[in-house]
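Working notes, structure below.
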Amino acid sequence: MLRTPVQFQARLLSLSMAHYYLLEIYFRHRVEVCPKASPDPMDDLTTKKCVSCNAKDMRPMTVEAAHSLIPQVQGWNLVTEDGMMKLQRTWKVKTFMKGMEFFKLVADVAEAEGHHPDLHLVAWNNVKIEIWTHAVGGLTENDFILAAKINRLDLHQLLSRKVGE
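Taking our numbering, the leading residue of the sequence shown gets -19, the next gets one more, and so forth.
Shown next, in the form of structure tokens:
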């Protein structure tokens, strides 16, 4: 993976002009739109830490960038509400109190990351979490990092079993 501008420029010398323009656009996007994003979109999100949401140097990621990261957060869906992309996932818990325990586990992760999702408990046992970066009005890598860390939580004792399991 090309990690520095020098490596990027050196590699360009051996590529056709079409490849040059595609890589230039990609590299410019990674530097300007996602200044703190890691160079390799397939890095393990669970090993990363959310960065401060300073609206001056952070903007919402593109649909393409979001689609490149969604495979790393299994079970999460990309949704658009009011023109804003968000990550969303639902679970069914055993009881209302298990839902509260679920929220506590998620809240601990969110607090450790300094990035806080919207938590919903609907009809006593349906948990829904929505994640997006409020400060920029859309998705950033922080949202995928938090979703990946939520996926790592041991929640099986809180969740309802589906028929046939």
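We put the CB at the ideal spot given by N, CA and C, even for glycine.
When you compare the CB positions of residue i and residue j, do they come within less than 7 Å of one another, or not?
| i | j | result |
| --- | --- | --- |
| V73 | G79 | yes |
| A128 | T26 | yes |
| W71 | L139 | yes |
| M38 | V116 | yes |
| Q68 | E121 | no |
| V43 | F124 | no |
| L58 | A46 | yes |
Assuming residue i contacts residue j (C-beta within less than 8 Å), just tell me the rounded distance between them.
| i | j | result |
| --- | --- | --- |
| W104 | M64 | Their Cβ separation, rounded to whole angstroms, is 28 Å, which puts W104 and M64 out of contact at 8 Å. |
| I130 | V89 | 6 Å |
| F82 | L126 | The pair is not a contact, with the Cβ atoms about 15 Å apart (cut-off 8 Å). |
Determine the extent of the alpha helix (DSSP H) in which residue i is found, giving its start and end residues.
| i | result |
| --- | --- |
| L133 | No alpha helix (DSSP H) holds L133; DSSP gives it neither H nor E. |
So, does the CB of residue i fall closer than 7 Å to a CB anywhere in chain D?
| i | result |
| --- | --- |
| N122 | The chain labelled as chain D is not found in the depicted structure, where only one protein chain is given. |
Worksheet item: At which residue ranges does the region 67 to 113 contain complete alpha helix (DSSP H) runs of 4 or more residues, listed in the order of the chain?
Response: 76 to 93
Discussion item. Any contact between the region 95 to 104 and the region 50 to 65? By contact I mean 3 or more CB pairs, one from each, below 8 Å.
Written reply: The region 95 to 104 vs the region 50 to 65: no contact.
Worksheet item: What residue ranges within the region 23 to 60 form continuous alpha helix (DSSP H) runs of no fewer than 4 residues, ordered along the chain?
Response: Runs of the alpha helix (DSSP H) inside the region 23 to 60: 43 to 49.
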